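*Asks:* Residue numbering for the sequence shown follows my numbering, starting at 259 and increasing by one per position. All C-beta atoms in this analysis are idealised placements derived from N, C-alpha and C, irrespective of residue type, glycine included. Owing to the predicted nature of the structure, the values given are computational and were not obtained by experimental measurement. Before I ask anything, here is the structure I am working with.
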Amino acid sequence: MSLETERRRSIELNRIEAALDRIAEGDYGYCLLCGDDIAVKRLEFDPTATTCISCARETEHKN
Ligand SMILES: [Zn+2]
């Protein structure tokens with residue numbers, strides 16, 4: 259396995275662990291930035307999403 263694949267996998271694992279933490283704390287499914295519900299469709303697409311679609315778009319804009 260290449261280093262890049264290894265690196266991506268560990269980032270992915272961190273995201274999943276963070277998502278599991280939020281489920282345990284009852285914070286799962288809420289945007290970390292604005293507190294709104296994250297759309298179910300978005301969570302189906304990326305279960306580790308931490309922001310709603312509009313905050314995600316704004317973040318992308320800044321980057
Ligand atoms: Zn948001």
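#1: When the distance is taken between beta carbons, is residue 306 closer than 8 Å to residue 277?
#2: Based on Cα-Cα distance, which residue from 308, 264 and 262 lies nearest to residue 279?
#3: Does the distance between the C-beta of residue 295 and the nearest non-hydrogen atom of ligand 1 fall short of 7 Å?
#4: Measuring straight from C-alpha to C-alpha, what distance separates residue 318 and residue 312?
#5: Secondary structure at residue 285, three-state DSSP: helix, strand or coil?
#6: Counting along the chain, where does the alpha helix (DSSP H) carrying residue 291 start and finish?
*Replies:* Considering the structure as presented:
#1: yes
#2: 308
#3: no
#4: 10 Å
#5: coil
#6: Taken as a continuous stretch (DSSP letters only), residue 291 belongs to no alpha helix (DSSP H), as it is neither H nor E.
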